[in-house]
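Undergrad: In the numbering used here, the protein residues as written are 4 to 217. The beta carbon of each residue, even a glycine, is placed where N, CA and C say it ideally should be.
1) Where are the alpha helix (DSSP H) runs, 4 residues long or more, that stay fully inside the segment 76-127, in chain order?
2) Quick check: the segment 82-90 against the segment 185-200, are there 3 or more CB pairs under 8 Å?
3) Between the alpha carbons of residue 162 and residue 134, how many angstroms are there, rounded?
4) DSSP three-state call for residue 218: helix, strand or coil?
5) Given residue 56, which residues of its chain have a CB within under 8 Å of its CB, disregarding the five upstream and five downstream residues?
6) So residue 16 and residue 67 are supposed to be a Cβ contact under 8 Å. How far apart are they, rounded?
7) Hey, could you find the ends of the alpha helix (DSSP H) residue 205 is sitting in?
8) Just to check my reading of the structure: residue 44 and residue 31 have Cβ atoms closer than 8 Å, yes? What is that Cβ distance to the nearest angstrom?
9) Roughly how many angstroms separate the alpha carbons of residue 154 and residue 146, rounded to a whole number?
10) I believe residue 106 touches residue 157 by the beta-carbon criterion, under 8 Å. Please report the beta-carbon distance rounded to the nearest angstrom.
11) For residue 101 and residue 46, I'd like the C-alpha separation in whole angstroms.
12) List the endpoints of the continuous beta strand (DSSP E) containing residue 13.
13) Under 8 Å between C-beta atoms, does residue 53 make it to chain D?
14) Assign residue 153 to one of three DSSP states: helix, strand, or coil.
15) Between residue 60 and residue 93, what straight-line distance do the alpha-carbon atoms span, to the nearest angstrom?
16) So if DSSP puts residue 38 in a beta bridge, which residue, or which two residues, is it bridged to?
17) Please report the straight-line C-alpha distance between residue 173 and residue 108, rounded to a whole angstrom.
18) Would the beta-carbon of residue 142 fall within 8 Å of that of residue 194?
19) Per DSSP, what kind of secondary structure is residue 53 in: helix, strand or coil?
20) Would you grab the beta carbon distance between residue 52 and residue 20 for me? Rounded to a whole angstrom, and I think it's under 8 Å.
21) Do the CB positions of residue 127 and residue 207 come within less than 8 Å of each other?
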């Protein structure tokens with residue numbers, strides 16, 4: 004998939020939900036409603052991150068994500084803290100995990116990641132997210148100058164969680180993910196992601212971090 008071992012496996016946050024049975028917060032599967040824009044399935048990012056850490060035990064894991072759309076919800080944890088709990092449950096050592104708990108959007112997380120890798124001079128970063136999400140991430144890196152230079156310098160590679168799972172556990176995931184990607188929920192999500200890519204390329208995308216600076 005990707006030749007060199009990662010020094011850091013960074014995982015972008017998605018959605019989270021308070022489980023009706025346990026009362027605990029967790030990441031979402033494709034059976035859950037997801038966020039304001041539809042199904043997210045970000046639990047796959049956790050599963051993929053765990054498998055990658057098993058393969059590359061010297062790598063550190065960086066979890067990016069604050070409360071996001073739950074910023075006004077009383078008692079809501081950060082998504083990064085929820086992801087950390089799930090990774091530990093999957094066997095990842097707590098000392099191998101670092102969390103960033105303030106960013107609320109993909110772009111904010113990318114800005115934080117840029118700052119961290121520049122400060123620590125980390126190289127060969129693998130950035131894990133869902134397959135449908137990667138095109139918008141690429142567009143942000145390509146069309147926003149404050150990301151492009153640092154990400155190219157530090158060799159940041161985008162990794163599909165679905166691709167990792169299919170490669171590691173094909174009998175479990177290949178046909179299942181093929182079916183999921185044909186569902187109306189995922190098709191809707193993919194359409195919205197493609198619209199976002201077009202808007203970024205055309206300079207029409209709304210980045211709240213830049214509001215008032217133009």
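TA: The short version:
1) 82-92 and 109-123
2) no
3) So the two alpha carbons sit approximately 8 Å from each other.
4) Nothing about residue 218 can be reported from this structure: the residues present for the chain run from 4 to 217 only.
5) If the five residues before and after residue 56 are omitted, its C-beta is found closer than 8 Å to the C-beta atoms of 12, 62, 64, 90, 95 and 99, all from its own chain and listed in chain order.
6) 6 Å
7) 187-205
8) 7 Å
9) 12 Å
10) Not a contact, Cβ separation roughly 18 Å.
11) Rounded to the nearest whole angstrom, the CA to CA distance from residue 101 to residue 46 is 18 Å.
12) 11-15
13) Looking at the structure shown, chain D is missing, and only one protein chain is on hand.
14) helix
15) About 14 Å.
16) Looking at the DSSP assignment, residue 38 forms a beta bridge with 41.
17) Cα-Cα distance, rounded: 31 Å.
18) no
19) Residue state for residue 53 is assigned as helix, using DSSP reduced to three classes.
20) Not quite, the Cβ-Cβ distance comes to about 19 Å (not below 8 Å), so this is no contact.
21) no
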